[in-house]
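Protein chains: 2
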Amino acid sequence: MKKKSSATIYDVAHRVGVSLATVSRVVNGNSNVRDSTKQKVLEAIEELGYHPNAVARGLASKKTTTIGVVMPDVTDVYYSELARGIDDVANMYHYDVLLTNTDEDPVRETMAVNNLASKQVDGIIFMGNDLEREVLNTISSANAPVVLAGSVEGEGRLASVNIDYIEAVKEATEAVLKNGHKRVAIVTGPITHAINGLYRLAGYKKALEANQIEYDDTLLFTTHQDYNAGLQVAQKILAAGATAVVTYDDEVAVGIMNYIRDQGKRIPEDFEIITSNDTKLTIMTRPQVTSIGQPKYDIGAVAMRMLTKLMNNEVLDESQVKLPHTLERRGTTIN
Amino acid sequence: MKKKSSATIYDVAHRVGVSLATVSRVVNGNSNVRDSTKQKVLEAIEELGYHPNAVARGLASKKTTTIGVVMPDVTDVYYSELARGIDDVANMYHYDVLLTNTDEDPVRETMAVNNLASKQVDGIIFMGNDLEREVLNTISSANAPVVLAGSVEGEGRLASVNIDYIEAVKEATEAVLKNGHKRVAIVTGPITHAINGLYRLAGYKKALEANQIEYDDTLLFTTHQDYNAGLQVAQKILAAGATAVVTYDDEVAVGIMNYIRDQGKRIPEDFEIITSNDTKLTIMTRPQVTSIGQPKYDIGAVAMRMLTKLMNNEVLDESQVKLPHTLERRGTTIN
DNA sequence: ATGAAAGCGCTAACAA
DNA sequence: TTGTTAGCGCTTTCAT
């Protein structure tokens, strides 16, 4: 039982024979301290093994150097890569990250934001496919700057970092349309979510239009975001007479691919697939899956960088950032 | 600019005409409050939109209801699944999670632990393949209970949750040995890490011994934990004359599999593969990869549950918990 | 360059 | 059942 109720700033001050203020100054790198006393203080800190108490500091300074990250699920590679980008730049700027999983449940999202607010985080990064009214209200009442990462919000009131989803899906769809397909299926999440209804679907329709193909809603499928969902939707896609598909999730893409190959069809010769998240899964399957390329790590990193500016009361040059996307042509499409 | 310097407990008390203590009591569910006054307080809280300041509370009570999680990389599915287990039970017990990525760098691990300590976390969950002396020292000086999740430490001084690695690898090796292989390769991370040298390799050797096969260190390979490493080590494995492999990482397994199939060999007929983490990747490839089955989510969940007890000064029935593992027979082995 | 003193918002004895 | 009173450990004017 080592009862080391660690030294406080008072102990240091007392030992050196200076005031709390002076110790506080050297700890915080304030230049207004004579070099000789600074040395003494530093020594005492060393000897006493003094570590500043961040909670006390937070209360006094009203800054916690902690930010909150609200995400659907750490287990999802797409989001965890964003999270990694966030964490890395957070560390650069000496912020810690309070992480919360919500499974995209608006109730939990609201609770998470409220909770982070009560923990006095200096800022919040929010990820999720949809932003319900209530969550949005909670966010704006949270008294901390917020930036969305890889997530869109209809009104554009919040800072955000994304790729141009409309354009990306349009390009993906056209890549496949160019190979002569007439019936290209699209699979997304719930179209009530802005990112699906307002962006992905719009991109898909734009591509159709540019190629004089009429939109047919029997080719639109919505699924959960996992492998089994892919397996299941695949047969419907085939039944609908599609010969190619543009999908939003990599696991779903692989599910579709495996199902279709099991039907004896060849990929990409008989059926083409293109997905959206470019996670490492796409290069580990055979064939490898063609995908929209997204700078996932950078989306997180840039979002965090923007947040540091916001927390610093700086003005953003641009608050709705769109990072460049690519098309990674691999084995599930004919190029 | 909404300058809403949110209401404090004082505002509530003042409005109702009671003392701070009374408000504090209702906020903390202390029963010693008359129902009528409790109602008034609750109303005032509602009207003022009062939210307790967790930082002030943390300073006064010396409990932050925050725990720290130190992990190699959120992006690694194995660890992120543990993290999910941790987060879920942390929420059940109303703890928040401060997350830090270390890439298994001892320097960053040490910094992370120190940082968490200064943020006054109530406990820490540590994940990583190795525990250097210095990190261990820092941990024990951190003045907060710690439990290791999916990580071993030679001396067994820390609480931990794992599977029985020796036994699991032994079973995996034997599963393949039973099919008549004489040269079974093993691939792990650095053998200087306890989990590799002391556990995995030991399990492998035990299996060999039980089957009267002599250990041959030209069949031992160490790699990084990613797909490309698998691709690269595969050719060495083949060159060493192995006809089967037991590996520690699923991506590495898939890399090996893809390389070997590209050489025109059939799996599992010509070469068998068995991996250890049973991440969802193993079911998305064709063939699916046989793996040791680990209750990853539970490892995290149980570790967090233990931590809640420790933080509560309860005694653990068992401090080195080993959860049951299985063998998930799939397509890369002949069953 | 240094110190004194007033909080930050809350909890926790201790009284009443 | 309720209130009073010290702090928790630190930052931050304001003096000096």
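As they're listed, the protein sequences go chains A and B.
Take 1 as the starting number for the first sequence in the working numbering and just add one per residue.
Take 1001 as the starting number for the second sequence in the working numbering and just add one per residue.
All C-beta atoms in this analysis are idealised placements derived from N, C-alpha and C, irrespective of residue type, glycine included.
#1: Relative to the C-alpha of B/Leu-1131, which candidate in B/Ser-1118, B/Lys-1309 and B/Val-1107 has its C-alpha closest?
#2: Run through DSSP, which three-state label would B/Asp-1103 get?
#3: Please identify, using Cβ separations under 7 Å, the residues of the stretch 1322 to 1333 of chain B that lie next to chain A, in order along the chain.
#4: If we count the other Cβ atoms within 10 Å of its Cβ and call it buried at 16 or more, is B/Tyr-1204 buried or exposed?
#5: Any Cβ of chain A within less than 8 Å of the Cβ of B/His-1051?
#6: Any beta carbon from chain A within less than 8 Å of B/Glu-1109's own beta carbon?
#7: Tell me where the alpha helix (DSSP H) around A/Ile-299 begins and ends.
#8: Is it buried or exposed for B/Gly-1120, if we count other Cβ within 10 angstroms and need 16 for buried?
#9: Is A/Met-1 helix, strand or coil by DSSP?
#10: In the DSSP assignment, find the unbroken alpha helix (DSSP H) run with A/Ser-36 in it and report its ends.
#11: Can you tell me which of the three DSSP states A/Asp-96 falls into?
#12: Quick one: is B/Asp-1270 near chain A, going by C-beta distance under 8 Å?
#13: With a threshold of 16 other CB atoms inside 10 Å of the CB of A/Lys-3, please say whether the residue is buried or exposed.
#14: What's the call for A/His-94, buried or exposed, on a 16-neighbour Cβ count within 10 Å?
#15: Among B/Gly-1029, B/Tyr-1010, B/Val-1027 and B/Asn-1028, which residue has its Cα nearest to the Cα of B/Leu-1020?
#16: Are the C-beta atoms of A/Asn-312 and some chain B residue less than 8 Å apart?
#17: Can you name the residues that DSSP bridges to B/Leu-1323?
#18: Examine chain B for any beta-carbon lying closer than 8 Å to the beta-carbon of A/Leu-59, and answer yes or no.
#19: Who are B/Phe-1126's beta bridge partners in DSSP?
#20: Please state the DSSP three-state secondary structure of A/Ile-267.
#21: Could you tell me whether the stretch 1149 to 1169 of chain B touches the stretch 1194 to 1213 of chain B, using the rule of 3 or more Cβ pairs below 8 Å?
#22: Give the DSSP-derived three-state secondary structure of A/Glu-342 in the structure shown.
#23: Looking only at C-alpha atoms, which of B/Ile-1125, B/Glu-1251, B/Ala-1060 and B/Ala-1007 sits nearest to A/Asn-143?
#24: Examine chain A for any beta-carbon lying closer than 8 Å to the beta-carbon of B/Tyr-1010, and answer yes or no.
#25: Could you name the residues of the stretch 156 to 178 of chain A whose beta carbon sits closer than 7 Å to any beta carbon of chain B, in the order they occur along the chain?
#26: Listing by chain order, which chain B residues have their CB less than 7 Å from the CB of A/Leu-20?
#27: Give me the Cα-Cα distance between A/Thr-326 and A/Ile-334, rounded to the nearest whole angstrom.
#28: So, are the CB atoms of A/Ile-67 and A/Ala-90 less than 8 Å apart?
#29: Taking all protein chains shown into account, do 16 or more other C-beta atoms lie within 10 angstroms of the C-beta of B/Val-1315, making it buried, or fewer, making it exposed?
#30: Output, in sequence order along the chain, the residues in the stretch 1213 to 1230 of chain B whose CB is closer than 7 Å to any CB in chain A.
#31: Measure from the C-beta of B/Glu-1043 to each C-beta in chain A and report whether the shortest distance is under 8 Å.
#32: Give a yes or no on whether the minimum CB-CB distance between B/Ala-1303 and chain A is below 8 Å.
#33: Beta strand (DSSP E) containing B/Val-1246: first to last residue?
#34: To the nearest angstrom, report how far apart B/Glu-1153 and B/Asp-1164 are at their CA atoms.
#35: Can you tell me the Cβ-Cβ gap for B/Ser-1118 and A/Asn-28, rounded? I've got them flagged as a contact below 8 Å.
#36: Quick one, which of A/Met-306, A/Glu-328, A/Arg-330 and A/Lys-236 has its alpha-carbon nearest A/Gln-320's?
Here's the rundown:
#1: B/Val-1107
#2: coil
#3: none
#4: buried
#5: yes
#6: no
#7: 296 to 311
#8: Before going on, a small fix: residue 1120 of chain B reads as Gln here, not Gly. Result: buried.
#9: Caution is warranted here: a pLDDT of 29 is assigned to A/Met-1, below 50, making its placement in the model unreliable, and no coordinate value can be reported.
#10: 35 to 48
#11: strand
#12: no
#13: Model confidence at A/Lys-3 stands at a pLDDT of 38, short of 50, so the residue's coordinates are unreliable and nothing is read from them.
#14: exposed
#15: B/Tyr-1010
#16: no
#17: B/Ile-1163
#18: yes
#19: B/Val-1070 and B/Leu-1148
#20: coil
#21: yes
#22: Because chain A here runs from 1 to 335, residue 342 of chain A falls outside it and cannot be looked at.
#23: B/Ala-1007
#24: no
#25: none
#26: Correct list: empty, because the minimum Cβ distance to chain B is about 16 Å.
#27: 17 Å
#28: yes
#29: exposed
#30: Tyr-1227
#31: no
#32: no
#33: 1244 to 1247
#34: 13 Å
#35: Contact flag wrong, Cβ pair sits at about 14 Å.
#36: A/Met-306
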